[in-house]
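In this text, residue positions in the sequence shown follow numbering that gives the first Met the number 0: the first is 0, and each later residue adds one. Glycine residues also receive a C-beta, built at the ideal position from the N, C-alpha and C atoms. Have a look at the structure below, then the notes.
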Amino acid sequence: MIKKLSISHIKYFICLFLSAFVVIVLSACGSDFDGYVDENVDYTNNTFTVEETNGHKIGVSMPTKDLQRWVQDGENMKSQLHNFGYTVDLLYANNDKNLQNEQIKSMIDSGCEVLVIGAIDGSAIAESLETAKKAGVVVIAYDRLIMGSDAINYYATFDNQLVGTLQGQYIVDALDLKNTQGPYHIELFTGSSDDNNCNFFFGGALEVLQPYINTGKLIVTSGQTTKEQCYTQGWSTDIARERMENILKTYYADGTKLDAVLSSNDSVALGIAEALSAQYNGDFPLLTGQDCDINAVKNIINGKQSMSIFKDTRNLAAKVVEMIDAIISDETVPINDTTTYNNGTGIIPTLLCDPVFADKNNYKEILVDSGYYTEDQFK
0 MIKKLSISHI KYFICLFLSA FVVIVLSACG SDFDGYVDEN VDYTNNTFTV
50 EETNGHKIGV SMPTKDLQRW VQDGENMKSQ LHNFGYTVDL LYANNDKNLQ
100 NEQIKSMIDS GCEVLVIGAI DGSAIAESLE TAKKAGVVVI AYDRLIMGSD
150 AINYYATFDN QLVGTLQGQY IVDALDLKNT QGPYHIELFT GSSDDNNCNF
200 FFGGALEVLQ PYINTGKLIV TSGQTTKEQC YTQGWSTDIA RERMENILKT
250 YYADGTKLDA VLSSNDSVAL GIAEALSAQY NGDFPLLTGQ DCDINAVKNI
300 INGKQSMSIF KDTRNLAAKV VEMIDAIISD ETVPINDTTT YNNGTGIIPT
350 LLCDPVFADK NNYKEILVDS GYYTEDQFK
């Protein structure tokens, strides 16, 4: 996108040019100005490293640094916003709901005009969202729809229903359920009950798998099939491992073969893989995931995980930056869904990006050739 130079930009470059001219003239005249060093100027190669700003500040609130994907999301967005000239306040809340609420209020107080929020728990930040609304700050819910607040102006995410559909279809295809008799044994795991995305992940997968469960070709041996039974609070690796260990001990100790495990993301899949490692050696059940975290990709390469949904956050960050730029410029905000996402106060205008899956056959093309990772990161 080619951006028009504002009067402030023109003045800025004129001042910068005059400052450089004065330095050159004084240097040529032998003047003594050693007492002044401009930290924004690299005197070793005569290049200027002043960061161009357009006068607008954006707040980016991410839930945690504990999950690799949130770090990548935050840094990708910050980098691309900087490229557009925005000042960025990027903060991580360490999975502390109260801390995130305070951080968001701090962003508002510091003059942020747009907030991008990957919420830990939308209900816990109601106070800061109300403050944002009163201050006229535009709020974009990022990847997790914030429920029950009319302060949410936009939602940016991947097609989360499609995430679940891809996971379910991968299991169908890998087991060749359309052409084989079965039965096959499967267990179901999703994420945190306070994450609205689980409704789409789990719902999309069950839309594909439920017909085979109904006919008995897929058997959920534990009988745990509802979201409430399959939630993994906080997307916790430890909680997932403990539940999988209990399921194996209770329902598979008699030698029943577990053929597949539906897992909605990689942190949950990591715990499942750890539990399975104690019982399976070289012949792991199918195991789905999401986010293509480095440890998950290593497990895919080693045969402990079958696939992971790849959501290229570089693309999502770029789209969010376009949304922000349109908001600041008072232009039409790019969205492509106005019917699906209702947060309890009404439909939230949404921008959706499409996910893909990576497995052992295509991970190099999807993850390495695209420049998202290097091959060395998987060693």
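Which of helix, strand or coil does DSSP assign to residue i?
i, result
"residue 198", "helix"
"residue 203", "helix"
"residue 395", "With the chain covering 0 to 378 only, the question about residue 395 has no answer from this structure."
"residue 259", "strand"
"residue 81", "helix"
"residue 352", "strand"
"residue 145", "coil"
"residue 74", "helix"
"residue 32", "Confidence at residue 32 is low in this model, with a pLDDT of 31, below 50, so the placement of that residue should be treated as unreliable; the coordinate-derived value is given next. Looking at residue 32 - three-state DSSP - the assignment turns out to be coil, as it is neither helix nor strand."
"residue 274", "helix"
"residue 379", "A question about residue 379 goes unanswered here, because the residues of the chain that appear run from 0 up to 378."
"residue 361", "coil"
"residue 212", "helix"
Determine the contact status of residue i and residue j, defining contact as a CB-CB distance below 8 Å.
i, j, result
"residue 265", "residue 295", "yes"
"residue 342", "residue 146", "yes"
"residue 304", "residue 272", "yes"
"residue 299", "residue 165", "no"
"residue 126", "residue 93", "no"
"residue 113", "residue 87", "no"
"residue 140", "residue 116", "yes"
"residue 152", "residue 171", "no"
"residue 85", "residue 349", "no"
"residue 311", "residue 83", "no"
"residue 270", "residue 238", "yes"
"residue 260", "residue 286", "yes"
"residue 143", "residue 196", "yes"
"residue 263", "residue 200", "yes"
"residue 69", "residue 76", "no"
"residue 267", "residue 163", "no"
Since I believe residue j is in contact with residue i (beta carbons under 8 Å), could you give me their beta-carbon distance rounded to a whole number of angstroms?
i, j, result
"residue 169", "residue 306", "5 Å"
"residue 293", "residue 67", "6 Å"
"residue 375", "residue 161", "With a Cβ gap of about 31 Å, residue 375 and residue 161 do not count as contacting."
"residue 338", "residue 347", "Actually they do not touch by this definition, with Cβ atoms about 11 Å apart."
Could you check which residue in the options has the C-alpha nearest to that of residue i?
i, options, result
"residue 202", "188, 299, 323", "188"
"residue 218", "227, 208, 69", "208"
"residue 359", "337, 297, 89", "297"
"residue 192", "230, 81, 330", "230"
"residue 57", "365, 65, 66, 73", "73"
"residue 90", "64, 113, 311, 349", "64"
"residue 102", "197, 84, 130", "130"
"residue 351", "333, 365, 367", "333"
"residue 211", "329, 240, 246, 174", "174"
"residue 124", "149, 246, 109, 110", "149"
"residue 335", "215, 228, 328, 156", "156"
So residue i is in the alpha helix (DSSP H); what residue range does that whole segment cover?
i, result
"residue 299", "293–301"
"residue 169", "159–173"
"residue 249", "236–250"
"residue 320", "312–327"
"residue 128", "125–134"
"residue 103", "96–108"
"residue 227", "226–229"
Would you kindly report the start and end of the unbroken beta strand (DSSP E) that includes residue i?
i, result
"residue 367", "Here residue 367 belongs to no beta strand (DSSP E), and DSSP marks it neither H nor E."
"residue 308", "306–309"
"residue 185", "183–188"
"residue 86", "86–91"
"residue 114", "113–116"
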